[in-house]
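Structure record follows, encoded as structure tokens.
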Amino acid sequence: MPLSRKFLFAPLLGIALVMTGCDSGADSSAANSAGHTAPTATTEQANRDVLDQRPFDNRDDFENARRGLIAQDPELVIDHLEGGEVWNMPAYGFIDEDGENAPASVNPSLWRQAALNNIHGLFKVTDGLYQIRGYDLANMSIIEGESGWILVDPLTARETASKAFLFAREHLGEKPVRAILFTHSHIDHFGGVQGILQHLSDEEKANLRIIAPEGFEEEATSENIIAGPAMTRRAMFMYGKRLDRDERGHVGTGLGKGPAFGTFGFAPATDLISETGTELEVDGVPMIFQIVSGSEAPAEFTFYLPEQKAFCGAELVSRNMHNIYTLRGAKVRDARLWSSFIDEAKTLFADADIYFGSHHWPLWGQENIQDFLAVQRDTYKFIHDQTVRLMNQGATPREIADQLKLPPELNRAFHNQGYYGTVSHNAKAVYQHYLGWFTANPAQLDPLPESDSAQRYVQMMGGAEKVLERAREDFEAASAMGASEGRDTYRWLAELLNQVVFAEPGNDDAKQLLANVYDQLGYQAESAPWRDFYLTGAYELRHGSPEEGIKPAMMREVLLNTPVSLFFDSMAVRLKAEDAEGESAVIKITFTDLKESYLLTLKHSVLHNRLVNEDTPADATLHLTRSLFVDLLIGRAGLKELLFSDEISFEGSRLDLIGFFSMLDKPQGRFNIVTP
Numbered sequence: 001m002p003l004s005r006k007f008l009f010a011p012l013l014g015i016a017l018v019m020t021g022c023d024s025g026a027d028s029s030a031a032n033s034a035g036h037t038a039p040t041a042t043t044e045q046a047n048r049d050v051l052d053q054r055p056f057d058n059r060d061d062f063e064n065a066r067r068g069l070i071a072q073d074p075e076l077v078i079d080h081l082e083g084g085e086v087w088n089m090p091a092y093g094f095i096d097e098d099g100e101n102a103p104a105s106v107n108p109s110l111w112r113q114a115a116l117n118n119i120h121g122l123f124k125v126t127d128g129l130y131q132i133r134g135y136d137l138a139n140m141s142i143i144e145g146e147s148g149w150i151l152v153d154p155l156t157a158r159e160t161a162s163k164a165f166l167f168a169r170e171h172l173g174e175k176p177v178r179a180i181l182f183t184h185s186h187i188d189h190f191g192g193v194q195g196i197l198q199h200l201s202d203e204e205k206a207n208l209r210i211i212a213p214e215g216f217e218e219e220a221t222s223e224n225i226i227a228g229p230a231m232t233r234r235a236m237f238m239y240g241k242r243l244d245r246d247e248r249g250h251v252g253t254g255l256g257k258g259p260a261f262g263t264f265g266f267a268p269a270t271d272l273i274s275e276t277g278t279e280l281e282v283d284g285v286p287m288i289f290q291i292v293s294g295s296e297a298p299a300e301f302t303f304y305l306p307e308q309k310a311f312c313g314a315e316l317v318s319r320n321m322h323n324i325y326t327l328r329g330a331k332v333r334d335a336r337l338w339s340s341f342i343d344e345a346k347t348l349f350a351d352a353d354i355y356f357g358s359h360h361w362p363l364w365g366q367e368n369i370q371d372f373l374a375v376q377r378d379t380y381k382f383i384h385d386q387t388v389r390l391m392n393q394g395a396t397p398r399e400i401a402d403q404l405k406l407p408p409e410l411n412r413a414f415h416n417q418g419y420y421g422t423v424s425h426n427a428k429a430v431y432q433h434y435l436g437w438f439t440a441n442p443a444q445l446d447p448l449p450e451s452d453s454a455q456r457y458v459q460m461m462g463g464a465e466k467v468l469e470r471a472r473e474d475f476e477a478a479s480a481m482g483a484s485e486g487r488d489t490y491r492w493l494a495e496l497l498n499q500v501v502f503a504e505p506g507n508d509d510a511k512q513l514l515a516n517v518y519d520q521l522g523y524q525a526e527s528a529p530w531r532d533f534y535l536t537g538a539y540e541l542r543h544g545s546p547e548e549g550i551k552p553a554m555m556r557e558v559l560l561n562t563p564v565s566l567f568f569d570s571m572a573v574r575l576k577a578e579d580a581e582g583e584s585a586v587i588k589i590t591f592t593d594l595k596e597s598y599l600l601t602l603k604h605s606v607l608h609n610r611l612v613n614e615d616t617p618a619d620a621t622l623h624l625t626r627s628l629f630v631d632l633l634i635g636r637a638g639l640k641e642l643l644f645s646d647e648i649s650f651e652g653s654r655l656d657l658i659g660f661f662s663m664l665d666k667p668q669g670r671f672n673i674v675t676p
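Residue numbering for the sequence shown follows the UniProt record's numbering, starting at 1 and increasing by one per position.
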């Protein structure tokens, strides 16, 4: 997943921004309750210009998105199991239902995509095939078998999956569930499985088939274990977690409305698909699978239903350009391989009359599907090939990202536009895939940390006040510029003012002016993640970092199914080297329910782990269950309390154990991003 994500949070009220020295441009007196300023004249012009760059009179997407609607819940609000809301579709009611009349604070192309993603409910795709859309970031598809249902991608969270499943039962009738397909290893396609299982009988669960691509279990449970705190903090930016749902805030994610941060779950697969061309009959329904692992997800398949001539593209293709590199942070994907898989699907399933996917709305008609696949294929191939061509000419990532544009024949459709991924950051990802972070310029070998270099830059430019004076003049002047020149000015001011903020993080004038700049860049962005990054940056400059990160307890069900060795790998990256300097320890942890023992060895400020026999000697040993250990990791249980309880047993010194665990960081996932 995509993480990856699908939630709606209560609006966060802020104070109106009051900024001196900016009497024109963004009118601070017109700031909304969160502090976001009004769009400037150049932003208004830039967004008007977009209307001439896309075929907005083409209404096919709206017809397809509404086709087959069976039922819709106009008051679709879903509560979190522990209180609060996890989903709130009415919060997006400010978006024009036909994607027209975009406000000056939203790129009209993104506004159109947001309107399409607002269309939600239960839909009939064709005989025996249905979709629930708009209950989460992803779709849940329902295939009618001979004796029951086959569910595809049971959403992100228990809460949203349960609500969607019961809504389908209400309108289609109650049928047993015979199988669940996880198309790939991102959590928005399996995390809600417990919301389905809770409604099944013991007999249904005993006979349930869960079909997934080979490598699914390892990839599904491991992606966020090592770098989880950093990824989740960045996800707060990418998905606009702290933003209001309004014309100057979060309008959607491009791929859908947003992640549902509810209760995540997991279930192991009974059938793993390892080869393209694999054929299965599931509850009487024939299916042909294509393995596309290494494209959008490290473990993924698409499949074809020959009886309906329906191709499920999973997330290999979708109704937007996807991420070669996702801004929340993940391993870079292979654009060349991705393109080749789409080409393979185009040939393998050439008879398809219906396309449906894990996101967005379906497409009907063989010719339409073939054209859709060709454009999707060539978009990723173009970005790959032209990036490499320019890279081989010596261009840097920033130079490539600035000059690379899709050719007109790839830029006339809406379905491959940068609502989620962009040509700009995808081109940088291709460069990174081959050459990494270094451009070979020696100045980048050993640069100063950002705060240190920022102080020197600002000092050399005559001090913060002089920089701010010039920046205010340029910001005001940008309002009267043409759209392109104005945007470039905002881009430059973002870079310039970031230096002042990092040099003087307590300089409120600098933070407020930079926030105004971010407002304008966010309003102009066609990419939903870019918009959310800019506007969240502006929000945090005005209001500070969040008091609370995303709680690790949300991942408890997933962690209970994570390979135990990964727990210890995650502990190793939390070791505070300065505290461990000169220390050595050998700790054994025995899981009483798994009948497994792991030896943790601390030396040289490095922590190693390995599976050992139960009688392997150690300085101290803990005996506990896997679930209790997970509770210890996520903070639901405290070590000191447990050591004096009857829930675990130990051998050795309590103080040694406490001392060992005290060397481990407890990341809160709320570190600064837009300030040092």
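Where is the CB? At the ideal position from N, CA and C, for every residue including glycine.
Note that the coordinates shown come from a computational prediction; the quantities given were computed from them, not determined experimentally.
8 Å Cβ cutoff met for residue i and residue j
i, j, result
"residue 117", "residue 240", "no"
"residue 552", "residue 634", "yes"
"residue 120", "residue 262", "no"
"residue 532", "residue 237", "yes"
"residue 300", "residue 171", "no"
"residue 87", "residue 235", "no"
"residue 576", "residue 665", "yes"
"residue 195", "residue 169", "no"
"residue 369", "residue 308", "no"
"residue 356", "residue 310", "yes"
Backbone CA spacing between residue i and residue j [nearest angstrom]
i, j, result
"residue 222", "residue 136", "22 Å"
"residue 140", "residue 488", "41 Å"
"residue 22", "residue 444", "Bear in mind that a pLDDT of 35 at residue 22, under 50, signals an unreliable position, so the number given afterwards is only what the model happens to contain. The straight-line gap from Cα to Cα measures roughly 36 Å."
"residue 672", "residue 290", "42 Å"
"residue 418", "residue 529", "10 Å"
"residue 49", "residue 522", "16 Å"
"residue 656", "residue 219", "34 Å"
"residue 556", "residue 565", "16 Å"
"residue 365", "residue 541", "49 Å"
"residue 631", "residue 637", "5 Å"
"residue 525", "residue 181", "35 Å"
"residue 107", "residue 47", "5 Å"
"residue 269", "residue 613", "29 Å"
"residue 543", "residue 90", "26 Å"
"residue 175", "residue 594", "36 Å"
"residue 43", "residue 667", "39 Å"
"residue 189", "residue 463", "51 Å"
"residue 271", "residue 585", "42 Å"
"residue 411", "residue 66", "24 Å"
"residue 198", "residue 76", "21 Å"
"residue 740", "residue 405", "Any question about residue 740 goes unanswered here, given that the chain covers just 1 to 676."
"residue 424", "residue 390", "14 Å"
Cut-off 6 Å between Cβ atoms - residues of its own chain near residue i, not counting five sequence neighbours on either side
i, result
"residue 30", "38"
"residue 338", "295, 380"
"residue 103", "247"
"residue 105", "39, 247, 248, 523"
"residue 273", "213, 289, 301"
"residue 149", "142, 175, 177"
Cβ separation of residue i and residue j, assumed to be a contact under 8 Å, to the nearest whole Å
i, j, result
"residue 396", "residue 439", "5 Å"
"residue 165", "residue 558", "Wrong, their Cβ atoms sit about 20 Å apart, outside the cutoff."
"residue 580", "residue 605", "4 Å"
"residue 346", "residue 373", "4 Å"
"residue 113", "residue 320", "7 Å"
"residue 179", "residue 209", "4 Å"
Contacting residues, own chain, Cβ-Cβ under 8 Å from residue i (five flanking each side not counted)
i, result
"residue 24", "At residue 24, the pLDDT of 35 sits below 50, so the modelled position is not reliable; the number obtained from the coordinates is stated separately. Answer for residue 24: 476, 479, listed in chain order."
"residue 658", "639, 640, 643"
"residue 592", "623, 624, 625"
7 Å CB neighbourhood of residue i in its chain, flanking five on each side removed
i, result
"residue 376", "317, 342, 416"
Review point. Does the segment 616 to 631 come within contact of the segment 649 to 662, defined as at least 3 CB pairs closer than 8 Å?
Key: yes
Using 8 Å as the Cβ pair cut-off and three pairs as the minimum, do the segment 320 to 339 and the segment 423 to 431 touch? yes
Given 8 Å, three or more beta-carbon pairs between the segment 448 to 467 and the segment 494 to 514
yes
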